[in-house]
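To keep things clear, I will list the structure first and then write my remarks on it.
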Amino acid sequence: MKATAKPAKALLSPKDHALVMIDHQSQMAFNTKSIDVTNLRTNAGILAHTAKGFNVPTIISTISKDTFAGPLFDEITDAFPNAEVTDRTTSNAWEDENFIARINAIGKDRLVICGLWTSVCCNGPVLSALDQGYEVYVVTDACGDCTPEAHERAVERMIQAGARPLTALTYLLELQRDWARVETYDLTTGIAKKYGGAFGIGISYAKTMFGE
Numbered sequence: 000m001k002a003t004a005k006p007a008k009a010l011l012s013p014k015d016h017a018l019v020m021i022d023h024q025s026q027m028a029f030n031t032k033s034i035d036v037t038n039l040r041t042n043a044g045i046l047a048h049t050a051k052g053f054n055v056p057t058i059i060s061t062i063s064k065d066t067f068a069g070p071l072f073d074e075i076t077d078a079f080p081n082a083e084v085t086d087r088t089t090s091n092a093w094e095d096e097n098f099i100a101r102i103n104a105i106g107k108d109r110l111v112i113c114g115l116w117t118s119v120c121c122n123g124p125v126l127s128a129l130d131q132g133y134e135v136y137v138v139t140d141a142c143g144d145c146t147p148e149a150h151e152r153a154v155e156r157m158i159q160a161g162a163r164p165l166t167a168l169t170y171l172l173e174l175q176r177d178w179a180r181v182e183t184y185d186l187t188t189g190i191a192k193k194y195g196g197a198f199g200i201g202i203s204y205a206k207t208m209f210g211e
């Protein structure tokens, strides 16, 4: 066997997928207990700003935005202030014709999905997309549920069906993947400094103290 210097096909790149963010809304966050809501919002911000910066086709969907679940997280609207948002009545977005029209219009067979709650807003579309032959990645720390068990069982169920789990920071670094890609270097480090926790602080420290 001889190794070659090329990435695995399972690794994401900016042009090979669409990002789907479902129901990151006020009411859905009120009873989210499996993750601290501040961390959840931060992770949603990483995803949104990464997709915006790397020009990843992005679908944002809400449920009963004006009558029940309320506005999207600011971290998402800051990245996509003029985004088309598909509002629905169905808890499973994949059963909404307008949502499916957007999936079909983008035409990607690889989807990265997250949503609130994990067991409903994320689980339904993920299982439905897998059933129809899509390749699906789930950003597990940009999802949350009423209890840790509800979140964990939903993630297990999606993985058992064939979904691939990853985290928001992994998503950012996987799209960059080579620090020699200078055209997105400042974008990547900028998102990390703002939303990347200890990793972002480390970048700020290195730049300030060593000019690196």
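Residue numbers (numbering that gives the first Met the number 0): 0 to 211. For glycine and all other residues, C-beta sits at the position ideal for the given N, C-alpha and C.
{"Asked": "Could you tell me whether the Cβ atoms of Thr146 and Ser33 are closer together than 8 Å?", "Found": "yes"}
{"Asked": "Could you have a look at Asp22 and say whether DSSP puts it in helix, strand or coil?", "Found": "coil"}
{"Asked": "Compute the Euclidean distance between the alpha carbons of Gln131 and Asn122, then round it to the nearest angstrom.", "Found": "14 Å"}
{"Asked": "For Phe79, I'd like the list of residues in its chain whose CB is within less than 8 Å of its CB, leaving aside the five on either flank, ordered along the chain.", "Found": "Ala47, Lys51, Thr57, Ile59"}
{"Asked": "Compute the beta-carbon to beta-carbon distance between Asp144 and Trp116, rounded to the nearest angstrom, for a pair I have assumed lies under 8 Å.", "Found": "4 Å"}
{"Asked": "For the stretch 65-132, list the beta strand (DSSP E) runs that are entirely contained and at least 3 residues long, ordered along the chain.", "Found": "84-87, 109-114"}
{"Asked": "Ser60 lies in the beta strand (DSSP E); which residues open and close that run?", "Found": "57-62"}
{"Asked": "Spell out the partners DSSP gives Leu224 in its beta bridges.", "Found": "Residue 224 is absent from the model: the chain starts at 0 and stops at 211."}
{"Asked": "Would you mind stating whether Cys120 and Asp15 have Cβ atoms separated by less than 8 Å?", "Found": "no"}
{"Asked": "Between the Cα of Ile75 and those of Leu18, Gly210, Glu134, spot the shortest distance and give me the residue it belongs to.", "Found": "Leu18"}
{"Asked": "Could you compute how far the alpha carbon of Val138 sits from the alpha carbon of Tyr170?", "Found": "8 Å"}
{"Asked": "Measuring alpha carbon to alpha carbon, tell me which residue in Thr66, Tyr133, Asp140 is nearest Asn87.", "Found": "Asn is not the amino acid found at residue 87; the sequence shown has Arg there. Of the candidates Thr66, Tyr133, Asp140, the one whose C-alpha sits nearest the C-alpha of Arg87 is Thr66."}
{"Asked": "Report the rounded CA-to-CA distance for Leu71 versus Ala7, giving the unit in angstroms.", "Found": "34 Å"}
{"Asked": "Quick one: grab the DSSP three-state call for Gly143.", "Found": "strand"}
{"Asked": "Answer yes or no: do Ser127 and Ala153 have a C-beta to C-beta separation smaller than 8 Å?", "Found": "no"}
{"Asked": "Return the chain-ordered list of same chain residues with a C-beta closer than 8 Å to the C-beta of Ser203, the five sequence neighbours on each side being excluded.", "Found": "Lys192"}
{"Asked": "Any idea which residues DSSP pairs Ala17 with across the strands?", "Found": "Leu110"}
{"Asked": "Whole angstroms is fine: what's the gap from Val135's alpha carbon to Phe209's?", "Found": "40 Å"}
{"Asked": "Comparing alpha-carbon positions, which option in Ala2, Thr3, Lys5, Asn38 lies nearest Cys142?", "Found": "Asn38"}
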